[in-house]
Amino acid sequence: WNKTPESFSERVPAYPLVFLPCLIKNSTTSGRRMTMSLDAIKKSLNKKFKSEILGLGSCVPKIERIPFSSPRLNYLTRGGVPWPGIIEISGAESSGKSTLLADLTMQSQKKGLLCSLTDTENKVDIDYWKWLGVDVDNLLVCNPVGLSGEDILQLQLDLMAEGVQFLGLDSVASLVPKSVLNGDMEDKTYCGSSGIMSTFSQKISGSGIVNANKITFVGINQVRDKIGGFGLHTPAGHFWKHICSCRIQLSRGNPFNEAYTQMPHSTQEQTSGHWIEVRLLKNQFSKNDRRFNMFTLHYTKGIDIAEDLIDVAIELGIIHKGGAWYRVIDLETGELVSINDEELKFQGRASIRHFLNENPKILKWLEMQVNSRITEV
5 WNKTPESFSE
15 RVPAYPLVFL
25 PCLIKNSTTS
35 GRRMTMSLDA
45 IKKSLNKKFK
55 SEILGLGSCV
65 PKIERIPFSS
75 PRLNYLTRGG
85 VPWPGIIEIS
95 GAESSGKSTL
105 LADLTMQSQK
115 KGLLCSLTDT
125 ENKVDIDYWK
135 WLGVDVDNLL
145 VCNPVGLSGE
155 DILQLQLDLM
165 AEGVQFLGLD
175 SVASLVPKSV
185 LNGDMEDKTY
195 CGSSGIMSTF
205 SQKISGSGIV
215 NANKITFVGI
225 NQVRDKIGGF
235 GLHTPAGHFW
245 KHICSCRIQL
255 SRGNPFNEAY
265 TQMPHSTQEQ
275 TSGHWIEVRL
285 LKNQFSKNDR
295 RFNMFTLHYT
305 KGIDIAEDLI
315 DVAIELGIIH
325 KGGAWYRVID
335 LETGELVSIN
345 DEELKFQGRA
355 SIRHFLNENP
365 KILKWLEMQV
375 NSRITEV
C-alpha cells in the first residue's frame, strides 16, 4: 500500500450530513400516507377481486370452541378445540382416540351442529358411543366397504357442502388409494395415504369451505416408528400437518384402582381406569402456557369429570387445598361456600370426589365456575 491517507481521502467524496435526516423524514411521511390510505387500498382491491377478501384486523371473528367433557383438557386448550378448524387426534392403540372423538361429537351435538362419522376401519362400537352420551339417532354414520381413499375423502367434501358442520374420520392412516385397491400385490405404489391426503388438504384449504361454513373436521391418525431413528411420527404427509390448527397426541398412562391409586402397567389386578397422557403437538388457536397434560378415563364413567375438575379448581383458586383439607371458595367474596349453613369443606380427596359425584347440581355449578375462568388467567 503506497498511497498516503491524503491521496485516499481525495478519491472518496464527502457526502452531506443532511442526507440521513431526509431519509428519515421521507420514510415517516410515507408510513403516515400508507396508514391513511389503508381503507382506499381495501376498497380498491375488493372491487378488483369482486369479493370482500380484505378487511381490517378488528373485523376478524373470534374463534369459538367445542369443549371437551374433561376440565383438564378444557384448561389445557383454553376452552376446547377451535370451531371452525381442522384437528388431528393421533396415538397408539388403546390410547383413547375414538373415545375423545366420541366426546367431541357429543359436545358438538349439544351446540346444535350436524355431525357425521366415517368409520373407514369398521371398528367403532356404536353402543359404546351411545353410552358416552352421543345421540346416535341423529348421527350420520358411514361404514365404507370397498371404497377407495379418494372416494371417502370426496364424501367428506360432499358432506361439508351439504351442511354438516362436525365431521369425524376414523382413521386417516387406513385410507387405501385406488392404485392399491385395484392393483396387484406385486405393484409398486408410492405416497399411499400421504398423496391423497395432500390433495384433500389442498382442496379444503384452497376452497375456504371450512371457515365459510363453520366446519370442524377431526381426523384420527395412527403413529409409526421412525425408520433409522427414535420416536414416533404420524402418516398422511406434511400438507395435512400444516393445515391442522390443532394436533393432539395421546398415549396410555398408568392404570388406577377404585381409590384412584396408581398401579403399574404390569399389574394383574382388576383396574378401574387409566390416565391418558396428552401432548399438544400443534396449537395455533391459543397460548401454549398450560401444563395439565392428562385426563382421567374411568371404565364405568367414561371421562371422569369430577376427578379432573378438582385439579383445575385448585389451580384456579376455586378450591383451596391445605394439608388434607379441601375448601370451596367464593372468589368474589373470598369466603367459604356454604349450603344450608354447612361449609363446603372436606377432609381428603376421596371425600370431595364422593360429594361431587353424589351432588350433580353442585358438580355442575363448580364446572360452570371453572369454565368461566379458564380463558381469563
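For the sequence shown, the positions run 5 to 381 when our numbering is used. Ideal placement from N, C-alpha and C gives every residue a C-beta, glycine not left out. Every value quoted in this text rests on a predicted model; they were computed, and no experiment measured them.
Legend entry - Element boundaries [beta strand (DSSP E), containing Met298]: Met298 to His302
Legend entry - Near the ligand COA: Gly306 beta-carbon under 6 Å from a heavy atom: Questions concerning the ligand COA fall outside what the structure shown contains, since it holds no ligand whatsoever.
Legend entry - Minimum C-alpha distance to Gly84 - residue among Cys63, Asp107, Ser99 and Glu311: Asp107
Legend entry - Same chain, Cβ closer than 7 Å to Ile378, five either side skipped, listed in chain order: Asn78, Tyr79, Arg82 and Gly83
Inset, instruction - Determine the contact status of Thr124 and Ser178, defining contact as a CB-CB distance below 7 Å. - result: yes
Inset, instruction - Starting from Lys47, follow the alpha helix (DSSP H) in both directions and report where the run begins and ends. - result: Leu42 to Phe53
Legend entry - Exposed unless 16 or more other CB atoms sit within 10 angstroms - verdict on Val374: buried
Legend entry - Own chain, CB closer than 6 Å to Val145, minus 5 neighbours either side, in chain order: Leu121
Inset, instruction - State yes or no: is the C-beta of Ile366 within less than 7 Å of the C-beta of Ser74? - result: no
Legend entry - First and last residue of the uninterrupted beta strand (DSSP E) at Asn287: Gly277 to Asn287
Legend entry - Reference Leu311; option with closest CA among Ile67, Thr203, Thr300 and Gly321: The residue you asked about is not Leu; residue 311 is Glu in the sequence shown. Nearest of Ile67, Thr203, Thr300 and Gly321 to Glu311, Cα basis: Thr300.
Inset, instruction - Please state if the CB of Ile93 and the CB of Ile343 are separated by a distance shorter than 7 Å. - result: no
Legend entry - Test item: CB-CB of Gln169 and Lys114 under 7 Å: no
Legend entry - Classification of His278 by the beta-carbon crowding that lies within 10 angstroms, buried from 16 upward: buried
Legend entry - Arg228 beta carbon less than 7 Å from that of Asp242: Just to set this straight, residue 242 is His in the shown sequence, not Asp. Their beta carbons are not under 7 Å apart, which means His242 does not touch Arg228 by this criterion.
Inset, instruction - Using a threshold of 7 Å, state whether the C-beta atoms of Thr383 and Trp133 are closer than that. - result: Any property of residue 383 remains undetermined from this structure, which presents the chain solely from 5 to 381.
Inset, instruction - Please say whether Leu284 and Gly100 have beta carbons closer to each other than 7 Å? - result: no
Inset, instruction - Out of Glu56, Ser202, Glu281 and Ala216, state which residue places its alpha-carbon closest to the alpha-carbon of Arg256. - result: Glu281
Legend entry - DSSP state of Val176 mapped onto helix, strand, coil: coil
Legend entry - Reference Tyr330, options Ala317, Glu336, Thr337 and Gly338, closest by Cα: Ala317
Legend entry - Those runs of the beta strand (DSSP E) which lie wholly inside the segment 207-285 and span at least 3 residues: 220-225 and 250-260
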